[in-house]
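Protein chains in written order, with our numbering: chain A, 72 to 481; chain B, 72 to 481.
As structure tokens, this is what we get:
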């Protein structure tokens, strides 16, 4: 969590961090700006000091919502430097950086560069900054980075927000269930009052409106039916009519409108009735889900133990997995779960290959076993998001029920 | 445009480009994937060859929509390498990169790294790749980069899509005008049928629904009233009731749902009536807009001439500008326009400081003069998006009218 940042900087021997990037959604910057996704600017945090935010005049008003001390780039000499550099932005930035090192009295030592942005631009800028200011080399890192480590545990303020997002997301699942259920069938096709088919596009439009009414936004939900449900990341075809008796994988992972915290959950539905194949697959996935939850014991436990329990279960039931058959696209083909926060995918990973990740108090994680058989025209996945609370308990925040068969009332 | 890529690579002496990044919206990758924003993977393009796409098993289905030749990472040996690297992703990637250099017979020479992603990760990865494979150093660039140059001109396929997005955006402006106009006033406040105030939040919800019904998505529109309109990038306060006689800056820049091409336009509205101050400011901005359009002569003309004409006009009328008073937050405080495409801000810049940019056939650009006086509680901006067509003509694609006073019919 945020309180760990100085410790994490010290472990990396960083005298400061520079968190920047362009207009792109930028999670490290938004994190330091208390969840406010500023459309530009940079955050500098010296070891042991509060972060400060430097923005252009255009962002000064939104920057005020960050709660940080904000500096207008122009009052730090940017216009003069930009003119001096004859309008060459990168040349100007190199000069400006020298001014910042001096103004904010940044001690000699490594400076960690973080953020989301244009790789080509920052690769070259970092090279030049290091060349011109060799006392403050700019460094990157891979693997479990400083922000990955900070994101692994959420503080009370973050969890309060994430519970709200969870509750609203469950409401949208319920509303969608009711919406589909209000229709009727003609033959095997779900139809609207006027007799035209209800399509996946119609459902997605409904879901997006329900999200927006709750100040959430869709980030490319999955609503995939039949064979498409057999591909874990297939989004579903907008013009496909909903059919009875098919498996429908509905993976909803909205975030707060305008950039913010995510929720992540999946349900598999079969409208009207379930075929024997879908029902059997669903039963196996539900059993795998329960196996995963039951495997959790306490903070400190390696996360791979949970995935291994699920792999053992599926393999014991005769299904291929990515462990028994690496690269398979049939059976159980992905890892069991991941952290969620300002990013949809964070650490810890719950994978048999992630040997170093452990469960910790303050984790916000998904558990999402599935089974996929595209050639048999079906796929099933069930997913809740959980926290590990102060008592070390694993608690689901996705309150919506997991029923498979969605009856039509229309 | 895309047909220029080999020429642009040759000018930079690049033997190949690597376009990658994480799940973030990634414009260079989406561009090479023909507008399909894949949620991962990398594109490699050797000089003189078609680009290829390498993705994990989870993205294989969406990758199929790119039209590129797609390789499954797993069939290129990733699982074995990942196991060999004991689950250390970055170590595995360095090994995997060697395999790719060999498999795709990439000639010795510089490799340009492009894309949007985690700066810390790629700064470190690029360093290691260059260290381990010194015949293929990984390089970045700043300023007018390879993709900036390619994006400057749109090909016929891109313009066809962008015209559609433009038409839909104008429809949403009209629908919003009609929606607000259907209300009534109590005193100076716009109210709904039940007598409660119509707020900026209500209007934004309406706009987002209208966008979604047309398969567009909001990317944080501006709907800022009164003093807020005086700050060019203020988004507006959701709970603020709409008032008569205020200047409202409505800057709408949606894109195709799920990542795609943008449109960009702004209108300033005053509900019921306009005060003398707002009307006068609006008249000046409209005159500046016309001045800008009239200044355009032909392809090859430097873009800064257009901004200079507007600066001359405003300064002649007694208003401060960023040229006469650098860093001013009153008067005309920003550049005149910019390119638009898969990014909301692209080259060319229309700024008095961008001395090297010129107008070209195939440009898609905004023209957006404004005047801002936050301390007098007002701001006005008017913006259309234009193309420069095959005949070299500057043509507005934003068809919605520019009337200031929005009458209430309710």
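Positions of the beta carbon are idealized from the N, C-alpha and C atoms, including for glycine.
Host alpha helix (DSSP H) of residue i (start-end)
i	result
residue 284(B)	271 to 284
residue 354(B)	347 to 366
residue 191(B)	190 to 203
residue 243(B)	227 to 252
residue 78(A)	76 to 82
residue 109(A)	From DSSP, residue 109(A) is part of no alpha helix (DSSP H); its letter is neither H nor E.
residue 218(A)	217 to 223
Proximity winner among the options, relative to residue i (alpha-carbon distances)
i	options	result
residue 191(A)	271(A), 364(A), 92(A)	92(A)
residue 478(B)	454(B), 249(B), 444(B)	249(B)
residue 446(A)	168(A), 434(A), 427(A), 399(A)	399(A)
residue 244(A)	332(A), 210(A), 336(A)	336(A)
residue 416(A)	86(B), 77(B), 296(B), 94(B)	94(B)
residue 84(B)	271(B), 142(B), 210(B)	210(B)
residue 449(A)	356(A), 247(A), 310(A), 237(A)	356(A)
residue 217(A)	467(A), 90(A), 451(A)	90(A)
residue 463(B)	444(B), 429(B), 471(B), 470(B)	429(B)
residue 459(A)	472(A), 432(A), 176(A), 451(A)	432(A)
residue 441(A)	456(A), 365(A), 302(A), 474(A)	302(A)
residue 279(B)	175(A), 378(A), 410(A), 328(A)	328(A)
residue 277(A)	98(B), 273(B), 283(B)	283(B)
residue 359(A)	455(A), 181(A), 297(A)	455(A)
residue 204(A)	226(A), 106(A), 369(A), 168(A)	168(A)
residue 286(A)	299(B), 272(B), 176(B)	272(B)
residue 119(A)	87(A), 298(A), 338(A), 143(A)	87(A)
residue 135(A)	304(B), 476(B), 453(B)	304(B)
residue 382(B)	407(B), 256(B), 140(B), 426(B)	407(B)
Three-way DSSP call (helix, strand, coil) for residue i in this model
i	result
residue 268(A)	strand
residue 152(B)	helix
residue 375(B)	helix
residue 161(B)	helix
residue 167(A)	helix
residue 302(B)	coil
residue 471(A)	coil
residue 256(B)	strand
residue 381(A)	helix
residue 145(A)	helix
residue 438(A)	strand
residue 131(B)	helix
residue 137(A)	helix
residue 316(B)	strand
residue 408(A)	strand
residue 447(A)	helix
residue 386(B)	helix
Opening and closing residue of the beta strand (DSSP E) in which residue i lies
i	result
residue 116(B)	113 to 117
residue 100(A)	Segment 98 to 103 is the alpha helix (DSSP H) holding residue 100(A); no beta strand (DSSP E) there.
residue 87(A)	85 to 90
residue 177(A)	First-last for residue 177(A): undefined, no H or E at that position.
residue 442(B)	441 to 444
residue 295(B)	293 to 296
residue 417(B)	417 to 421
residue 123(A)	123 to 126
residue 181(B)	181 to 185
residue 333(B)	Premise fails: residue 333(B) is in no beta strand (DSSP E) and is neither H nor E.
residue 458(B)	455 to 459
> Using a beta-carbon distance cut-off of less than 9 angstroms, what residues from the region 207 to 232 of chain A approach chain B?
Replying inline: 209, 210, 211, 212, 213, 214, 216, 217, 218
>> Any C-beta of chain A within less than 9 angstroms: which residues of the region 180 to 201 of chain B qualify?
In response: 183, 184, 185, 186, 187, 188, 189, 190, 191, 192, 193, 194, 195, 196, 197, 198, 199
>> If contact is defined by three or more beta carbon pairs under 8 angstroms, each pair taking one atom from either stretch, is the region 72 to 81 of chain B in contact with the region 344 to 362 of chain A?
In response: no
> If contact means a Cβ-Cβ distance below 9 angstroms, which residues of the region 151 to 167 of chain A contact chain B?
Replying inline: 151, 153, 154, 157, 158, 159, 160, 161, 162, 164
> Counting pairs of Cβ atoms below 8 angstroms between the region 284 to 293 of chain B and the region 311 to 319 of chain B, do you hit three or more?
Replying inline: no
> Listed in chain order, which residues of the region 267 to 284 of chain B have Cβ atoms closer than 8 angstroms to some Cβ of chain A?
Replying inline: 276, 279, 280, 283, 284
>> Taking beta-carbon pairs under 8 angstroms, can you tell me which members of the region 424 to 456 of chain B lie near chain A?
In response: 424, 425, 426
> Does the count of Cβ pairs from the region 371 to 380 of chain B and the region 406 to 426 of chain B closer than 8 angstroms reach three?
Replying inline: yes
> With a cut-off of 8 angstroms, do at least 3 Cβ pairs link the region 432 to 441 of chain A to the region 306 to 314 of chain A?
Replying inline: no
>> Under 8 angstroms: do the region 227 to 236 of chain A and the region 131 to 142 of chain A share three or more Cβ pairs, one atom per stretch?
In response: no
>> If the cut-off is 7 angstroms on Cβ atoms, which residues from the region 316 to 333 of chain A count as contacting chain B, listed in chain order?
In response: 329
> Using Cβ-Cβ distances below 9 angstroms, what residues of the region 396 to 414 of chain B are close to chain A?
Replying inline: 397, 398, 399, 400, 404, 405, 414
> For the region 291 to 314 of chain A, which residues have a CB atom closer than 9 angstroms to at least one CB atom of chain B, in sequence order?
Replying inline: 291, 299, 302, 303, 304, 305, 306, 309
> Taking a cut of 7 angstroms between CB atoms, which residues from the region 122 to 143 of chain B lie near chain A?
Replying inline: 128, 129, 130, 132, 133
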